[in-house]
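Residue numbers (our numbering): 22 to 336.
Heads up, the beta-carbon is just placed ideally off N, CA and C, and yes, glycines get one too.
Scroll down for the structure; my scribbles are underneath it.
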Amino acid sequence: MTFAALVIFAVFAAVFRLFRRIGAPWDQAVVQTGTACGFGLLLATEKLSMVHTLHFVPLLALWTNALIVIVVATWIIRLNRQSAMESESKAAWTSLERDMALLIALWLGVVALIALFAPPNNFDSMTYHMARVAHWRQNASVGHYPTNIDRQLYQSPFAEYVIVHLQILGDGDRFANLVQWLAWVMAVAAAHGTTLRLGASRRAALVAGALVVTIPMAILQASSTQNDLVAGAYLLAFVMFILDPAADRHATWLWAAMALALAIATKPTVLLFGLPFGLWGAYRAARAMGKRVITTAVLIAVVIAIANGPHWARN
Numbered sequence: 022m023t024f025a026a027l028v029i030f031a032v033f034a035a036v037f038r039l040f041r042r043i044g045a046p047w048d049q050a051v052v053q054t055g056t057a058c059g060f061g062l063l064l065a066t067e068k069l070s071m072v073h074t075l076h077f078v079p080l081l082a083l084w085t086n087a088l089i090v091i092v093v094a095t096w097i098i099r100l101n102r103q104s105a106m107e108s109e110s111k112a113a114w115t116s117l118e119r120d121m122a123l124l125i126a127l128w129l130g131v132v133a134l135i136a137l138f139a140p141p142n143n144f145d146s147m148t149y150h151m152a153r154v155a156h157w158r159q160n161a162s163v164g165h166y167p168t169n170i171d172r173q174l175y176q177s178p179f180a181e182y183v184i185v186h187l188q189i190l191g192d193g194d195r196f197a198n199l200v201q202w203l204a205w206v207m208a209v210a211a212a213h214g215t216t217l218r219l220g221a222s223r224r225a226a227l228v229a230g231a232l233v234v235t236i237p238m239a240i241l242q243a244s245s246t247q248n249d250l251v252a253g254a255y256l257l258a259f260v261m262f263i264l265d266p267a268a269d270r271h272a273t274w275l276w277a278a279m280a281l282a283l284a285i286a287t288k289p290t291v292l293l294f295g296l297p298f299g300l301w302g303a304y305r306a307a308r309a310m311g312k313r314v315i316t317t318a319v320l321i322a323v324v325i326a327i328a329n330g331p332h333w334a335r336n
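Rendered as structure tokens:
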């Protein structure tokens, strides 16, 4: 049954390939994959919890059907247009850039091995993150339950939603640490994409990715079940999306709204750091969209409410 959890990673890979097929650069495709899959997972978790069906068979059916739909969609797109992966112009990489990319990949790989083979074992994991996951799995719902550790109930739950899917399908905590590790990879991609959108060179973007990879606390948390990397990755994604040159499109702000909603659903303190970027984004949107910015503001508020409303209502 452990291998059933691999369908989740297969969906992530398929969604990434889909975004690449429709023309997204690799960094944007990584961030969009994390955002789209995360938002869908959150909604599915809340929906299944309403009827106490958060267990193996419904989750396996959910992820398997999602995989089939995405693979078929990618195949249809492949028949109708040339792949961005094939048509994308690629300037030659310098030896320094190749070495930097290789070192980033190697460092990510080393920590991935630790995340896979070392079980969750820190204090927060035992008393809070993994404890609430065990209750949710037992109850087939993320609803409240009796406990004297009240932070298991009121703290934002998104990172643990991902863990509970892996825990149920994997029948154990084998893949639990990979949630933070995947968020780390997403943060590297978001830092890379944000740097390019600010007008910097590819080498500068690689340096930004390397800085994310070498943050000591990120290295420590990437093999744990804490949630700071998840929150940080979605905050970086929010910043990357609001820097999109197409600031006059509702789709741009929908992506930004989903990223911000997931960041809040992971750790509300991101609002403190996201506020200046949000004001900057609002200014860009107002200049690009004029009166249409009101519709965009409503859209963002609705997306945040949909993602966080059920948890807020329980508290």
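### Query
Between ALA278 and MET147, what straight-line distance do the alpha-carbon atoms span, to the nearest angstrom?
32 Å
### Task
Identify which residue in ILE189, LYS288, VAL51, ILE91 has its Cα closest to the Cα of PRO178.
LYS288
### Query
So which of ALA221, GLN188, ALA258, VAL92 has the shortest CA-CA distance to PHE24?
GLN188
### Message
For HIS59, tell me which candidate among ALA258, GLN173, TRP333 has the shortest Cα-Cα distance.
### Response
Residue identity check: residue 59 is Gly in the sequence provided, not His. The residue with the shortest Cα to Cα distance from GLY59 is ALA258.
### Query
Rounded C-beta distance between THR95 and ALA35? I'm assuming under 8 Å.
7 Å
### Query
Helix, strand or coil for GLY230 per DSSP?
helix
### Message
So, for ILE125: in the same chain, excluding its five sequence neighbours on each side, which residues have a beta-carbon less than 8 Å away from its beta-carbon?
### Response
VAL209, LEU227, GLY230, ALA231, VAL234
### Message
According to DSSP, is TYR166 part of a helix, a strand, or is it coil?
### Response
coil
### Task
Determine the extent of the alpha helix (DSSP H) in which PHE259 is found, giving its start and end residues.
249-263
### Query
Just checking, does the segment 308-317 make contact with the segment 262-277 on the three C-beta pairs under 8 Å criterion?
yes
### Distance, TRP47 Cα to ASN198 Cα
24 Å
### Message
Going by C-alpha to C-alpha distance, which of ASP192, ALA239, VAL324, PRO266 sits closest to LEU27?
### Response
ASP192
### Message
With a threshold of 6 Å on Cβ separation, who are the neighbours of GLN49 within its own chain once the five nearest residues in sequence on each side are excluded?
### Response
GLY214
### Task
To the nearest angstrom, report how far apart PHE298 and LEU256 are at their CA atoms.
10 Å
### Three-state secondary structure (DSSP) of ASP120
helix
### Query
Using CA coordinates, which residue listed in ALA180, PHE262, ASP249 is at the minimum distance from LEU63?
ALA180
### Message
In the DSSP assignment, the alpha helix (DSSP H) including ILE321 goes from what residue to what residue?
### Response
314-335
### Message
Quick check: TRP202 and ALA133, are their CB atoms within less than 7 Å of each other?
### Response
Between TRP202 and ALA133, the CB-CB gap stays under 7 Å.
### Message
Checking 7 Å against the spacing of the C-beta atoms, do ALA254 and ALA204 come in under that value?
### Response
yes
### Task
Starting from ILE98, trace the alpha helix (DSSP H) both ways and give me its first and last residue.
77-101
### Query
Are there 16 or more other CB atoms within 10 angstroms of the CB of SER116, so buried, or fewer, so exposed?
Exposed is the call here.
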